[in-house]
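Before any comments, here is the structure.
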Amino acid sequence: MNGEDKRSSPHKGGGRRAVHERSGTVLAEELEMPRTMFGRGLGLMFRNQLSPGRGMWLIPCNGIHMLFMNFAIDAVFLDHGERVKKVYRKLPAWWGIVVLEWGAHSVLELPPGSTSEIDLRRGDQIIIQ
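Here the numbering used here = 1-based position in the sequence shown + 3.
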């Protein structure tokens, strides 16, 4: 990216999006990024859904829970370079705590099924722009 930090590269409209580098597939056209520990802890709790094309990027974060969630999600754990460490597909609501992922620095929370069709796997690069 010409030496610029991909976290500081806003997508048009001021938001950020997540793109799977290998396939070019946009995983989330619009990412929410909670800035506080409270915001990251609250995450998607108590919401009714996560609309297609939307997601939440929790950074820093290496573990999540599904308590007080009303819908399933796909969770993608990323390292410091936004490479995939672990993918959890269709985590059910109220499933409990996802084990902390060693080496993860952030988590993408996406609508259920978002990662299935592109065969997202460990080591894949995610571009946050």
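We put the CB at the ideal spot given by N, CA and C, even for glycine.
| Asked | Found |
| --- | --- |
| In or out: E120 buried (at least 16 other Cβ within 10 Å) or exposed? | exposed |
| Under the three-state reduction of DSSP, which class applies to M59: helix, strand or coil? | strand |
| Are T28 and V79 touching if we call contact CB-CB under 8 Å? | no |
| One question on the structure: do L61 and L53 come within less than 8 Å of each other, judged by their Cβ atoms? | no |
| So G66 and V22 are supposed to be a Cβ contact under 8 Å. How far apart are they, rounded? | Rounded, the Cβ-Cβ distance is 24 Å, inconsistent with contact. |
| Using C-beta distances below 8 Å, list every residue in its chain close to E85, excluding the 5 sequence neighbours before and after it, in chain order. | K9, S109, Q128, I129, I130, I131 |
| Could you pull out every residue in the same chain whose Cβ sits closer than 7 Å to the Cβ of K15, ignoring the five residues on either side in sequence? | Low confidence applies to K15: its pLDDT is 39, below 50, so where it sits in the model is not reliable, and the reading given next is rough at best. Excluding residues within five positions, none has a Cβ falling inside 7 Å. |
| Write down every uninterrupted run of the beta strand (DSSP E) in the stretch 87-121 whose length is 3 residues or greater and which is fully enclosed by it, in chain order. | 87-94, 109-113 |
| How far does the alpha helix (DSSP H) with R43 in it reach, from first residue to last? | 40-45 |
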